[in-house]
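1 is the number of the first residue of the sequence shown in the numbering used here; add one for each residue after it.
The beta carbon of each residue, even a glycine, is placed where N, CA and C say it ideally should be.
Source: prediction; values computed, not measured.
Below is one structure; the comments refer to it alone.
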Amino acid sequence: MNYLLDSHTHTVASGHAYSTVLEMARAAAEKGLELLCITDHAPGMEGTTCRDYFANSRVIDRELFGVQIMVGAELNLMDCEGRMDLDTAMLAKLDLAIVSLHTKCLPTGGCAETYTHGLLEAMKNPYVNIIGHPDDGRYPLDYPALVRAAGEAGVLLEVNNSSLTPGSFRVDAPRHCAEMLRECKKQGVPVVVGSDAHFFSYVGRHQYAQALFQELDFPEELVLNRDSAAFRAHIAARRAQA
1 MNYLLDSHTH TVASGHAYST VLEMARAAAE KGLELLCITD HAPGMEGTTC RDYFANSRVI
61 DRELFGVQIM VGAELNLMDC EGRMDLDTAM LAKLDLAIVS LHTKCLPTGG CAETYTHGLL
121 EAMKNPYVNI IGHPDDGRYP LDYPALVRAA GEAGVLLEVN NSSLTPGSFR VDAPRHCAEM
181 LRECKKQGVP VVVGSDAHFF SYVGRHQYAQ ALFQELDFPE ELVLNRDSAA FRAHIAARRA
241 QA
């Protein structure tokens, strides 16, 4: 499969990442990507950037080194009622938004029903486009319900290459991701692969996701990284619901 976009990357603005926008974009160009999404951590995570960073993101060129640039945020689910750490007015200014579960923002130890409810509530916001790394065993999820809701809402489920990397801190992520992908295959719901790169050399690294797709005989047509125009159209259709 030819991957033409990376939907999830971080720059120095995230606080615990190490490359600039220019370095990330140059790496994307060198790897032949057509589209790069810059999705720095939203302010609810300790040590990341502030709200004004996102408010001013319009100044970033939307093409660098021949690569299309989309600027968004990786939001944090702050509770299991769908509260996130950037408001709707701010999200409307961005090109896309991922929402993820992180231990610095949301306690572990709950049940699948509770965490799934939180994500489904977050998906009611039309500016939420992607559910990030829904694969961490510390946050059990009801995958049939999550996949069904994502398909109905036009929200993409992420296959996070970083989660699948050997030694990842996320608990039993390959098994959980495989469970999600089997359900996506069954229901015909599309996914997107994100590198979750925190350093420029990781941009476009999708090898562990690709291996899992091959293992599961996952349909290529359900992976939106194959077509950057289709990915952009999917994001636009979702945001048009606002």
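9 Å Cβ cutoff met for residue i and residue j
i	j	result
residue 189	residue 242	no
residue 191	residue 231	no
residue 48	residue 13	yes
residue 65	residue 17	no
residue 76	residue 105	yes
residue 35	residue 69	yes
residue 57	residue 71	yes
residue 167	residue 139	no
residue 243	residue 186	One cannot answer for residue 243 here, as it falls past the ends of the chain, which runs 1 to 242.
residue 199	residue 19	yes
Cβ-based burial, residue i [other Cβ within 10 Å; buried from 16]
i	result
residue 201	exposed
residue 243	Residue 243 is absent from the structure shown; the chain starts at 1 and stops at 242.
residue 119	buried
residue 214	exposed
residue 74	buried
residue 103	exposed
residue 39	buried
residue 134	buried
residue 177	buried
residue 233	exposed
residue 50	exposed
residue 2	exposed
residue 194	buried
residue 79	exposed
Supposed contact pair residue j and residue i - C-beta distance, whole angstroms, cut 8 Å
i	j	result
residue 184	residue 222	6 Å
residue 28	residue 204	6 Å
residue 158	residue 8	7 Å
residue 171	residue 131	With 8 Å as the limit, residue 171 and residue 131 do not qualify as a contact, their Cβ atoms being about 17 Å apart.
residue 88	residue 127	6 Å
residue 145	residue 85	About 24 Å separates the two Cβ atoms, so there is no contact after all.
residue 239	residue 155	With 8 Å as the limit, residue 239 and residue 155 do not qualify as a contact, their Cβ atoms being about 11 Å apart.
residue 90	residue 55	7 Å
Best match in the options for proximity to residue i [C-alpha to C-alpha]
i	options	result
residue 115	95, 83, 87 and 199	83
residue 182	162, 218, 165 and 154	218
residue 23	41, 197 and 177	197
residue 210	240, 107 and 163	163
residue 101	122, 93, 226 and 15	122
residue 136	229, 3 and 174	174
residue 5	153, 226 and 186	226
residue 224	31, 129, 93 and 62	129
residue 62	95, 44, 81 and 45	95
residue 117	33, 236 and 142	142
residue 165	206, 33, 228 and 235	206
residue 15	32, 228, 44 and 31	44
residue 236	160, 46, 92 and 180	92
residue 179	161, 216 and 208	216
| said: In chain order, what are the residue ranges of uninterrupted alpha helix (DSSP H) at least 4 long that sit wholly in the segment 28 to 104? | reply: 51 to 55 and 88 to 91
| What are the complete beta strand (DSSP E) segments, minimum 3 residues, inside the segment 145 to 199? | 156 to 160 and 191 to 194
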